[in-house]
Structures are given as C-alpha cells and as structure tokens.
Amino acid sequence: MLNGKPEIYLAGPEVFLPDPLARATELKAICARLGAVGWFPLDNQDGVADPDPDVMAANISRADEALVRSCDAVVANMTPFRGPSMDAGTIFEMGLAKGLGKLVVGWTTDWRRYGEKVAAAATLVPDGAWLRDEAGMLCRDFGLIDNLMMVKGADAVLGSFEEAVAHVVRHFAAR
1 MLNGKPEIYL AGPEVFLPDP LARATELKAI CARLGAVGWF PLDNQDGVAD PDPDVMAANI
61 SRADEALVRS CDAVVANMTP FRGPSMDAGT IFEMGLAKGL GKLVVGWTTD WRRYGEKVAA
121 AATLVPDGAW LRDEAGMLCR DFGLIDNLMM VKGADAVLGS FEEAVAHVVR HFAAR
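In my numbering, the protein residues as written are 1 to 175.
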C-alpha cells in the first residue's frame, strides 16, 4: 500500500504495443482515478539491457518478478494474445502472485468459451464429453474463457480493466 492505496502490477501483453508507454500512462491514470497505484512492467526496466539476449531476458524476468513481489495485487489482461489463450508471460505473473498470496484479478474483452477459441485455431474432434485436437490432445472445455487454472486461479475475472481495478480497490478498502 502506498499512502493507503493498493499498489497493482499491471500484467498483460500491452508491453508489446507499438507505444507501450502511452498505454501504461492510460492504465495508470485509471488506477489513480479509482484510488490505486498502477505499476507497469516497463517501470522496473532500468539496467536490464545487455548485448547478450539470454542475459537481457533473465534481467527482464528478474525485474518483472521483483515488481510483482512489491505490489499488493495483480490485475491481468486475460484477453487472448497470439492464439486462443492469454499471454504466457501474464500467466506466469498471475501464478507467481497467487503463490505469494496476493490478490489476482483478471479481465478480458473476449468471453467466448476456451473450447470455442481453440476450435477457431485448430481442428477438434469429439471424444465423449470432450474434444481432441489433431495430435490427440484433450481440449477440456468447462465453459470458461481460458484454461481452468488461470480462470479458477484468479480471485475474479471481470469484463474490463476498470472493473478489475475497482475490484482491487474495494477488496483493500474492506480490510
């Protein structure tokens, strides 16, 4: 908490936008308006650059993990990214936060069932109550928006970034 306001790690693929800092400014302004402090992954990137890509990747990972650890909660963009599921880095950040006992709130703009999203990207064939892909791998569709571990691992999944931040603020105000 910073001056009584929850500090929120803003997880999601927005770091890959053409102008991620402009989006970070927008997201942080929403956080401030709702009574929270938003921290964007790029806020903690001083000293991560390195000519060796492996070293730089490790530096980015450590910096992002440190920022997750320093925050009270994670608000995660769970909208599909480069396929039927959410961004893999965001998945890791959600799991890290959950393992640390932090509040994890997701949001998405795509409420289609996970099986429907996978079927749009791959051929699925019925196998009893479930579906299988071309490799024979099971696609379990529980009617959720993504893999059950992400959806049920989150404390809430809501329909917008603003709703997710407001949920975090209410959670900490009630404590």
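Heads up, the beta-carbon is just placed ideally off N, CA and C, and yes, glycines get one too.
Should the region 46–56 be called in touch with the region 68–80, which here means at least 3 C-beta pairs below 8 Å? Between the region 46–56 and the region 68–80, the count of C-beta pairs closer than 8 Å stays below three; the two stretches do not touch.
Quickly, what does DSSP pair E7 with across the bridge? List them, please. For the purposes of this step, residue 7 is taken as the residue at position 7 of the sequence shown. In DSSP, E7 forms a bridge with V37.
Alpha helix (DSSP H) segment containing P170, residue limits: Taking the first residue of the sequence shown as position 1, residue 170 is located at position 170. Note that residue 170 is Arg in the sequence shown, not Pro. That run of the alpha helix (DSSP H) goes F161 to A173.
Can you tell me where the alpha helix (DSSP H) holding N59 begins and where it ends? Here residue 59 refers to the residue found at position 59 of the sequence shown. Where N59 is concerned, the enclosing alpha helix (DSSP H) stretches over P53 to S70.
List the residues that DSSP assigns as beta-bridge partners of C139. To locate residue 139, count along the sequence shown from 1; it is residue 139. Its beta-bridge partners are L131.
Cβ-Cβ distance between V157 and L34 below 8 Å: Working through the sequence shown from its first residue, we reach residue 157 at position 157. Working through the sequence shown from its first residue, we reach residue 34 at position 34. Their beta carbons are not under 8 Å apart, which means V157 does not touch L34 by this criterion.
Is the Cβ-Cβ distance between F172 and I30 less than 8 Å? Numbered from 1 along the sequence shown, position 172 holds the residue referred to as residue 172. Numbered from 1 along the sequence shown, position 30 holds the residue referred to as residue 30. Contact: no.
Could you give the first and the last residue of the continuous beta strand (DSSP E) run that contains A73? Indexing the sequence shown from 1 puts residue 73 at position 73. From DSSP, the beta strand (DSSP E) with A73 extends over A73 to N77.
Which residues share a DSSP beta bridge with V157? As a first step, residue 157 must be located in the sequence shown, where it is residue number 157. Answer is G106, bridged to V157.
Identify whether L96 lies in helix, strand or coil by the three-state DSSP scheme. Counting from 1 along the sequence shown, the entry for residue 96 is found at position 96. In the three-state scheme derived from DSSP, where H, G and I count as helix and E and B as strand, L96 is classed as helix.
Please determine, among K117, A122 and R132, the residue with the shortest C-alpha to C-alpha distance to G143. For this step, residue 143 is matched to residue 143 along the sequence shown. Minimum Cα distance to G143 is reached at K117.
Determine the DSSP secondary structure at P126, reduced to helix, strand or coil. Sequence index remark: in the sequence shown, residue 126 carries index 126 (1-based). Residue state, collapsed to three classes: strand.
State yes or no: is the C-beta of E26 within less than 8 Å of the C-beta of P20? By 1-based counting over the sequence shown, the position of residue 26 is 26. By 1-based counting over the sequence shown, the position of residue 20 is 20. Contact: no.
Would you report the Cα separation of N44 and Y114, rounded to the nearest angstrom? Position 44 of the sequence shown, counted from the start, is the residue given in the question as residue 44. Position 114 of the sequence shown, counted from the start, is the residue given in the question as residue 114. Just so you know, the alpha carbons of N44 and Y114 end up roughly 33 Å apart.
Mind checking who L2 pairs with in its DSSP beta bridge? Along the sequence shown, one-based indexing puts residue 2 at 2. Note: L2 sits in a beta bridge opposite K5.
If you reduce the DSSP assignment to three classes, tell me which class M86 lands in. Along the sequence shown, one-based indexing puts residue 86 at 86. M86 falls in the coil class under three-state DSSP.
Flag this pair as yes or no: are the beta carbons of T90 and T109 separated by less than 8 Å? Residue 90 sits at position 90 when you count from the first residue of the sequence shown. Residue 109 sits at position 109 when you count from the first residue of the sequence shown. No, the pair does not count as a contact, with Cβ atoms beyond the cut-off.
Smallest Cα separation from G38: which of E134, V68 and L100? Within the sequence shown, the letter at position 38 stands for residue 38. Checked all of E134, V68 and L100; the closest Cα to G38 is V68.
Report, in whole angstroms, the separation of the C-beta atoms of D155 and L103, which I expect to be a contact under 8 Å. Against the sequence shown, residue 155 aligns to sequence position 155. Against the sequence shown, residue 103 aligns to sequence position 103. Contact holds; Cβ gap of about 5 Å.
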